[in-house]
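Here is the structure we will look at, set down as structure tokens.
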Amino acid sequence: MQKPILAALALCLPALFACSSAPPPVTTVTIKEVELVKIAPPAHLTQNCYEPELQGHKWLDGIALSEARKLALYECNKQLEKLRADIATQLSTND
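Be aware that the sequence shown starts at 930, since it is given in my numbering, and climbs by one per residue.
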């Protein structure tokens, strides 16, 4: 019983492959030159941010420290904004 089924399958296989479409042609792309552009941010923008320390031991000194840290955080964020803007400018001029 298996031999007739195998024979029938053997006869059908060439017909199945004859109906398939041809593969698309292969296109070759050659890269001739690659330019590597290094972007370095200005050194003054990559320095560590100022970190205020506690001066004194009274509760008013703690409030002053809180205000000094708030100001330091604001200045650090401004520094980061400038850095992002400089990098964006360099990227747009390299395109």
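Just so you know, even glycine gets a beta-carbon here, dropped at the ideal spot from N, CA and C. None of these values were measured; they are calculated from a predicted model.
Should residue i and residue j be called a contact, given that it needs their Cβ atoms to be closer than 9 Å?
i: LEU983; j: GLY991; result: yes
i: GLN1019; j: LEU974; result: no
i: ALA997; j: PRO971; result: no
i: GLU1004; j: TYR979; result: yes
From residue i to residue j, what distance separates their C-alpha atoms?
i: ASN977; j: ASN1006; result: 12 Å
i: SER995; j: LYS967; result: 39 Å
i: VAL958; j: THR1022; result: 27 Å
Hey, is residue i close to the ligand ZN, as in C-beta under 8 Å from one of its heavy atoms?
i: VAL963; result: The ligand content of the structure shown is nil, which means the ligand ZN is not present either.
DSSP state of residue i, grouped into three classes?
i: ALA1010; result: Reading off the sequence, residue 1010 comes out as Glu, not Ala. In this structure, GLU1010 counts as helix in the three-state DSSP scheme.
i: PRO933; result: helix
i: CYS1005; result: helix
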